[in-house]
Ligand SMILES: [Zn+2]
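Structure below.
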């Protein structure tokens with residue numbers, strides 16, 4: 107009900123012309139959009155924040171064009187923000203992780219509209235050419251309609267019969283398989299485990315593998331981004347960055363950068379925090395590595411003079427309706443959040 111009220115409120119705001127007012131008030135601020143993967147089948151129903159239908163993405167891009175937002179490469183947008191020459195309500199498009207579905211569906215859509223973008227590519231699974239094990243296993247458990255699962259002999263450390271109708275038991279089994287794969291197996295063995303699991307869950311792993319639903323692009327494929335006008339940038343090697351251990355954090359970035367240097371000739375100086383997790387302690391570590399911007403998953407606009415190692419973004423997903431997306435893009439969502447925070451602080 108609250109959600110329906112929110113949507114009705116947004117339609118009223120739009121009708122009253124408040125989207126235009128918000129856009130005017132926030133015109134100097136940069137809108138950095140954030141996307142992830144794309145659906146081949148029903149992945150958007152499984153994880154609507156992680157996977158978007160290609161047609162939803164096409165609709166969003168059409169809206170950017172219809173509302174006259176200029177889309178700039180991230181680096182240029184940030185430079186022009188500093189110099190005060192950013193076009194009004196300018197947009198930069200960023201895409202996290204480097205899912206194969208983005209190369210397949212998202213990149214051609216962007217090229218059709220001449221929209222530049224930045225893809226943050228995490229390199230471990232790109233190099234191994236294996237599906238992202240955790241997401242694949244979660245998908246298998248989500249899509250199975252089997253009543254029971256026999257874990258005996260599936261892998262060392264796994265065993266027992268699971269009643270899949272019991273959500274808690276189902277969740278425990280899923281987590282045990284993920285933990286087993288992560289801690290005991292290499293990428294190839296993890297994939298074999300996921301395929302065996304699919305069989306026991308009554309699913310056919312062949313189409314999932316054939317479509318590459320849960321894979322990233324290979325490093326070789328990522329070279330194709332240049333011809334779509336898409337810049338390849340940093341997202342760590344194994345999709346994690348320490349907030350306590352500087353050497354470990356640096357190693358993640360440097361390994362990622364070393365592998366990406368074979369993919370692109372452009373300077374590799376933009377970073378995206380994996381899973382959005384960041385700490386002010388990391389800002390100086392990143393600057394020392396020559397990084398000039400780091401994006402988060404904090405929802406908001408990026409304004410002149412703001413911390414460049416914590417760039418807020420507008421997070422789009424299949425769970426975001428068109429009216430919500432339009433409100434965020436206009437700056438109304440960010441303005442309302444800012445106002446709420448100010449009122450809370452004052453109180
Ligand atoms: Zn990520």
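Numbering (the working numbering), first residue to last: 107 to 453. For each residue, glycine too, the CB sits at the ideal point set by N, CA and C. What you are looking at is a predicted structure, and each value in this text was computed from that prediction instead of being measured.
Worksheet item: DSSP on residue 330, reduced to helix/strand/coil?
Response: helix
Worksheet item: Can we count residue 179 as close to ligand 1, meaning its CB is less than 7 Å from some heavy atom?
Response: no
Discussion item. Tell me which residues share the same chain as residue 205 and place their Cβ nearer than 7 Å to its Cβ, disregarding the 5 neighbours each side in the sequence.
Written reply: 142, 143, 144, 322
Discussion item. I'd like to confirm the pairing. Which residues does DSSP put opposite residue 225 in its beta bridges?
Written reply: 201, 338
Worksheet item: Which whole-angstrom value is the C-beta distance of residue 405 and residue 418, which I expect to be below 8 Å?
Response: 6 Å
Item to complete: Given a cut-off of 8 Å, decide if residue 320 and residue 245 are closer than it, judged by their beta-carbon atoms.
Response: yes
Worksheet item: Cβ of residue 399 within 7 Å of any heavy atom in ligand 1?
Response: no
Worksheet entry | Proximal residues to residue 165 (C-beta, below 7 Å), its chain only, five neighbours per side dropped | 428
Fill in: Any chain C beta carbon closer than 8 Å to residue 154
Among the chains of the structure shown, chain C does not appear; only one protein chain is present.
Worksheet item: Does the Cβ of residue 436 have 16 or more other Cβ atoms within 10 Å, making it buried, or fewer, making it exposed?
Response: Buried is the call here.
Worksheet item: Which partner residues of residue 157 appear in the DSSP bridge assignment?
Response: 143
Practice prompt. In angstroms with no decimal places, state the Cα-to-Cα distance between residue 350 and residue 169.
Written response: 42 Å
Worksheet item: Which partner residues of residue 150 appear in the DSSP bridge assignment?
Response: None, per the DSSP bridge assignment.
Worksheet entry | Ordered list of beta strand (DSSP E) runs contained in the stretch 362 to 450, each at least 3 residues | 376 to 378, 399 to 405, 417 to 421
Practice prompt. Hey, could you find the ends of the alpha helix (DSSP H) residue 297 is sitting in?
Written response: 293 to 306
Discussion item. In the DSSP assignment, the alpha helix (DSSP H) including residue 127 goes from what residue to what residue?
Written reply: 124 to 131
Worksheet item: Who are the Cβ neighbours of residue 294 in its own chain at under 8 Å, not counting the five residues just before and after it?
Response: Taking C-beta separations shorter than 8 Å and ignoring five residues to either side along the sequence, the partners of residue 294 in its chain run 234, 236, following chain order.
Worksheet entry | Neighbourhood of residue 308 by C-beta, 8 Å cutoff - its chain only, sequence neighbours within 5 removed | 250, 251, 252
Worksheet item: So, is residue 446 buried or exposed, given that buried needs 16 or more other C-beta atoms within 10 angstroms?
Response: exposed
Fill in: Pair within 8 Å by beta-carbon distance, residue 146 and residue 207
yes
Discussion item. Using the Cβ count rule (16 or more neighbours within 10 Å means buried), how would you classify residue 188?
Written reply: exposed
Item to complete: Note down the Cα distance separating residue 407 from residue 370, rounded to an integer number of angstroms.
Response: 28 Å
Fill in: residue 132 Cβ short of 7 Å to ligand 1 heavy atom set
no
Item to complete: Measure from the alpha carbon of residue 302 to the alpha carbon of each residue in 325, 339, 344, 257, then state which is nearest.
Response: 257
Practice prompt. Can you say whether residue 111 is buried or exposed, counting buried as having 16 or more other CB atoms within 10 angstroms of its CB?
Written response: By the C-beta density criterion, residue 111 is exposed, having fewer than 16 other C-beta atoms within 10 angstroms.
Worksheet entry | Straight-line gap, residue 366 to residue 330 (C-alpha atoms, nearest Å) | When rounded, the distance between both Cα atoms is 13 Å.
Worksheet entry | Integer-rounded CB distance, given that residue 279 should sit under 8 Å from residue 268 | 4 Å
Practice prompt. Quick one: using the 10 Å Cβ neighbour count with 16 as the cut-off for buried, is residue 381 buried or exposed?
Written response: exposed
Discussion item. At a threshold of 7 Å, does residue 194 count as lining ligand 1 (C-beta to nearest heavy atom)?
Written reply: Relative to ligand 1, the beta carbon of residue 194 is positioned no closer than 7 Å to any heavy atom.
Worksheet item: Should residue 237 be counted as a contact of ligand 1 given a C-beta to heavy atom distance under 7 Å?
Response: Every heavy atom of ligand 1 is 7 Å or more from the Cβ of residue 237, so no.
Item to complete: Confirm, please, whether the CB-CB distance from residue 401 to residue 421 is below 8 Å.
Response: No. Outside cutoff.
Worksheet entry | Any non-hydrogen atom of ligand 1 closer than 7 Å to residue 229 Cβ | no
Worksheet item: Going by Cα to Cα distance, which pick from 123, 191, 247, 312 is closest to residue 281?
Response: 247
Discussion item. Given the structure, does residue 384 come close to ligand 1, in the sense that its CB is under 7 Å from one of the ligand's heavy atoms?
Written reply: no
Worksheet item: Does at least one heavy atom of ligand 1 sit under 7 Å from the Cβ of residue 376?
Response: no
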